[in-house]
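Colleague: Basically my numbering = 1-based index in the sequence shown + 8. Even for Gly, the Cβ is constructed at its ideal location relative to N, Cα and C.
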Amino acid sequence: MPASDLPATLNSDTHTKQLPVVEGQLDNSFATIDWQVPWLSHITQLSYISNTIEHLSRSKSQRNSLDGSNDSEGVDNVKSLDEHDTNASDINTPDTIAKVLKTAMVQQADHLHQPLPHTKPAHDHKSQTLQFVSQNALPEGEAYEHFIGTTGNIPTRDNLHDLFNGSIWLTFPKTKAMLNYYHMLEIAKQGISERRGRVRDTITVFDENGAVLVTSDASIGKALVDFDWQASLVNPRAKWDNPAQPNTSAQAVVYIFGHALLEQLVHPRKPLCAHSIVIHVAQEFFSLSLAERMSYLDDKVAEYMDTLLSNDDVKPRQLAPLPILGVPHFWAENADTGFYEDSYVFRSGRRKKDKN
9 MPASDLPATL
19 NSDTHTKQLP
29 VVEGQLDNSF
39 ATIDWQVPWL
49 SHITQLSYIS
59 NTIEHLSRSK
69 SQRNSLDGSN
79 DSEGVDNVKS
89 LDEHDTNASD
99 INTPDTIAKV
109 LKTAMVQQAD
119 HLHQPLPHTK
129 PAHDHKSQTL
139 QFVSQNALPE
149 GEAYEHFIGT
159 TGNIPTRDNL
169 HDLFNGSIWL
179 TFPKTKAMLN
189 YYHMLEIAKQ
199 GISERRGRVR
209 DTITVFDENG
219 AVLVTSDASI
229 GKALVDFDWQ
239 ASLVNPRAKW
249 DNPAQPNTSA
259 QAVVYIFGHA
269 LLEQLVHPRK
279 PLCAHSIVIH
289 VAQEFFSLSL
299 AERMSYLDDK
309 VAEYMDTLLS
319 NDDVKPRQLA
329 PLPILGVPHF
339 WAENADTGFY
349 EDSYVFRSGR
359 RKKDKN
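1) Measuring CB to CB, does H4 end up less than 9 Å from A231?
2) Could you check the C-alpha separation between P46 and L178 for me, to the nearest Å?
3) Is it right to say Y190 is buried, meaning 16 or more other beta carbons lie within 10 angstroms of its own, or is it exposed?
4) Output the boundary residues of the alpha helix (DSSP H) element that contains T212.
5) Since L221 and A260 are thought to touch, with beta carbons under 8 Å apart, how far apart are those beta carbons, to the nearest angstrom?
6) Just the C-alpha distance for E148 and V141, rounded to the nearest angstrom, thanks.
7) Give the straight-line distance between the Cα atoms of T104 and P324, rounded to the nearest whole angstrom.
8) Taking the alpha carbon of D42 as the point to measure from, which residue in T52, N59, V29 and Q33 has its own alpha carbon closest?
9) Count the C-beta pairs between the region 236-246 and the region 282-296 that are closer than 8 Å, then say yes if the count reaches three, no if not.
10) Straight-line CA distance for P102 to Q143?
11) Would you report the Cα separation of S295 and Q198, rounded to the nearest angstrom?
12) Please name the residue in N250, D249 and G229 whose C-alpha comes closest to that of S368.
13) Let me confirm a value: N250 is counted as buried when at least 16 other C-beta atoms fall within 10 Å, else exposed. Which label applies?
14) In the DSSP assignment, what residue or residues form a beta bridge with V261?
15) When the Cα of A310 is compared with those of L34, S135 and N188, which residue comes out closest?
16) Pop quiz: T40 and M302 are said to be a contact at Cβ under 8 Å. What is the actual Cβ separation, rounded to whole angstroms?
17) Between the C-alpha atoms of P181 and D236, what's the straight-line distance to the nearest angstrom?
18) Just to confirm the assignment, what range does the alpha helix (DSSP H) spanning V309 have?
19) Going by DSSP in three states, H283 sits in which element: helix, strand or coil?
20) Ignore the nearest five residues each way along the sequence and tell me which others in P254's own chain have a CB closer than 8 Å to its CB.
21) Looking at L138 and I156, is the spacing between their C-beta atoms short of 9 Å?
22) I need the straight-line Cα distance from R355 to A219, nearest angstrom please.
23) Roughly how many angstroms separate the alpha carbons of S227 and K107, rounded to a whole number?
24) Could you please give the first and the last residue of the uninterrupted beta strand (DSSP E) stretch that includes L241?
25) Rank I57, V353, M192 and P123 by C-alpha distance to the C-alpha of R277 and give the top, closest one.
26) Do T210 and L327 have their CB atoms nearer than 9 Å?
27) Hey, which unbroken runs of the beta strand (DSSP E) at 3 residues or more fall wholly within the region 119-191?
28) Could you check if Y152 is buried or exposed, using at least 16 other CB atoms within 10 Å of its CB as the buried criterion?
29) Got a sec? Which residues, its chain only, sit under 6 Å from D166 by beta carbon, not counting five neighbours each side?
Here it is, written out as structure tokens:
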């Protein structure tokens with residue numbers, strides 16, 4: 009990674025500006041999130057999002073315990089200090105999770121003194137400013153990806169899946185916009201049908217279940233792709249970065265991209281498997297702050313996916329399987345090498361060599 013590729017220095021990963029209060033009700037599923045787990049540590053605006061979600065889910069629990077009710081309604085009557093969001097009759101008014109994510113996106117842009125992220129325009133569509141809106145804003149019959157590409161509006165429901173989807177939009181906005189761009193291209197070619205085709209299948213697998221292995225040691229990436237768990241995860245354990253104690257001498261780290269995978273990890277299970285790509289970096293990457301790392305990676309992963317998805321022979325198989333709880337420092341039990349002897353999870357496999 010040449011010095012010229014390094015991102016501009018950011019003041020800090022977080023900021024202390026007083027944030028608008030978002031009021032509402034969230035069901036108890038949000039209270040089960042452990043925001044301290046290592047695989048969430050890279051999420052942009054994590055402190056604000058976690059504190060706000062904890063408050064909203066706690067408020068729901070407290071109200072139920074006080075009135076003895078299990079009523080799950082209430083999300084339709086949310087309020088915000090943003091006066092532009094108070095018109096409940098406006099279908100573009102975000103719901104609770106959309107408001108949390110919208111606030112986080114605006115605050116991040118303000119903090120970095122940057123404009124809000126935009127879509128990557130496909131065909132004759134113009135670039136649109138991204139923002140989170142209520143799921144009700146999505147017109148009936150219109151494809152989700154087409155609506156984002158033409159309006160910049162990201163329909164968002166009050167559930168865990170969309171909370172984590174929005175969190176990845178905040179963390180990897182260029183990459184998410186790139187994936188949506190390729191969805192748009194494919195929709196223009198093929199229309200909407202039950203069969204998505206190889207390009208959209210690959211996008212969906214990575215978008216829902218992807219992970220990014222970042223390494224300055226090419227042998228670790230090669231071993232992962234070759235299903236060599238000993239050479240990728242076990243033997244070089246000392247080279248792996250610990251999210252709780254970042255190390256400038258580390259040579260490998262994994263960041264989760266897939267929002268469905270993050271949702272599944274609310275209740276971790278050993279068999280959970282990500283579909284990963286490998287991004288090679290110079291050692292200087294590990295000297296960057298977390299915010300600088302993510303800014304750099306967003307550019308690099310967007311470039312990687314642009315190259316991958318533009319190939320005629322692209323297919324989901326090109327994403328490397330990675331049992332996610334096997335990532336060093338992700339799960340306490342993997343400190344014991346016996347953890348990796350489970351052949352049901354850490355399966356042997358060999359990729360077919362390209363005929364070319």
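Modeller: Based on what the coordinates show:
1) Because the chain here runs from 9 to 364, residue 4 falls outside it and cannot be looked at.
2) 18 Å
3) In summary, Y190 is buried, with 16 or more beta-carbon neighbours lying within 10 Å of its beta-carbon over all protein chains present.
4) R206 to N217
5) The distance from the Cβ of L221 to that of A260 is about 7 Å, consistent with a contact at the 8 Å cut-off.
6) About 15 Å.
7) 34 Å
8) N59
9) no
10) Low confidence applies to P102: its pLDDT is 49, below 50, so where it sits in the model is not reliable, and the reading given next is rough at best. If you take the alpha carbons of P102 and Q143, they lie about 8 Å apart.
11) 45 Å
12) Beyond the ends of the chain as shown, which are 9 and 364, falls residue 368; an answer cannot be given.
13) exposed
14) V222.
15) Taking only the C-alpha atoms, the option nearest A310 is N188.
16) T40 to M302, Cβ: 25 Å. No contact.
17) Approximately 32 Å, taken between the alpha carbons.
18) L298 to L317
19) strand
20) Apart from sequence neighbours up to five positions away, the residues of its chain that approach P254 with a beta-carbon distance below 8 Å are F294 and L298, ordered along the chain.
21) yes
22) 18 Å
23) 43 Å
24) Counting along the chain, L241 falls outside any beta strand (DSSP E), and DSSP gives it neither H nor E.
25) V353
26) yes
27) Scanning the region 119-191 from its first residue to its last, the whole beta strand (DSSP E) runs of 3-plus residues come out as 139-142 and 161-164.
28) The residue is exposed, with fewer than 16 neighbouring Cβ atoms inside 10 Å.
29) V83, D103, T104 and I105
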